[in-house]
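To start, the structure under review is shown below, and the notes come after it.
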Amino acid sequence: MEPGRIVGLVASCDLRGAYPEDASTRSFTVSELAVLEDGRRVLLHAERGFTVTARSTGVPGGVVPLVETRDSITQYVLNAVLPDHAEESAEEHPWSWLAELARARGLDVTAEDLRGLPYQVVFTDIVTRWLAPT
Numbered sequence: 131m132e133p134g135r136i137v138g139l140v141a142s143c144d145l146r147g148a149y150p151e152d153a154s155t156r157s158f159t160v161s162e163l164a165v166l167e168d169g170r171r172v173l174l175h176a177e178r179g180f181t182v183t184a185r186s187t188g189v190p191g192g193v194v195p196l197v198e199t200r201d202s203i204t205q206y207v208l209n210a211v212l213p214d215h216a217e218e219s220a221e222e223h224p225w226s227w228l229a230e231l232a233r234a235r236g237l238d239v240t241a242e243d244l245r246g247l248p249y250q251v252v253f254t255d256i257v258t259r260w261l262a263p264t
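The working numbering applies: residue 131 is where the sequence shown begins, and numbers increase by one.
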């Protein structure tokens, strides 16, 4: 398969594991993918993630069920893909690292190329269903 031209980047958010019985906590996995001109997606990495937990009401057993929105989960995803040591990096996003990962997969791209591409956060179907009002 011939490598294609990258036309965008995607951060994909999925639930980690099955729904826990505890409605006050959810864990998510985050991966970043390159979107190619022909529509294919190439996984760059999948080792990031986050957990959100509702706060206790202060009453024994009084934990509020977790309520999140598309916007709040999107912000968690964007935080998860930032460099671990943001104060040590001049980049607002790890473009150089993503370019290295893409080149290791046979894609011809630079950090500067990636910086100018559309970047989208997407949710898997299970996350979308979880976020949907019941």
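Even glycine gets a Cβ: it sits at the ideal position worked out from N, Cα and C. Keep in mind that this is a model prediction, so the values were computed, not measured.
Beta-carbon spacing of residue i, residue j below 7 Å
| i | j | result |
| --- | --- | --- |
| Ser-157 | Arg-170 | no |
| Leu-174 | Leu-228 | yes |
| Trp-225 | Leu-244 | yes |
| Cys-143 | Val-257 | yes |
| Glu-167 | Arg-135 | yes |
| Thr-199 | Thr-155 | no |
Cα-Cα separation, residue i to residue j
| i | j | result |
| --- | --- | --- |
| Gln-250 | Leu-196 | 25 Å |
| Ala-164 | Val-252 | 13 Å |
| Ser-161 | Val-137 | 17 Å |
| Val-172 | Leu-139 | 9 Å |
| Glu-242 | Ala-262 | 37 Å |
| Ala-141 | Trp-260 | 18 Å |
| His-223 | Thr-181 | 21 Å |
Local conformation of residue i per DSSP, three classes
| i | result |
| --- | --- |
| Asp-168 | coil |
| Glu-162 | strand |
| Val-252 | strand |
| Ser-226 | helix |
| Leu-174 | strand |
| Leu-145 | strand |
| Leu-212 | coil |
| Glu-198 | coil |
| Ala-234 | helix |
Beta bridge counterpart(s) of residue i as assigned by DSSP
| i | result |
| --- | --- |
| Leu-139 | Ala-164, Tyr-249 |
| Ser-157 | Thr-181 |
query: If we count Cβ pairs, one from each stretch, closer than 8 Å, do we get three or more for the region 198-208 versus the region 234-241?
result: Segments in contact, no.
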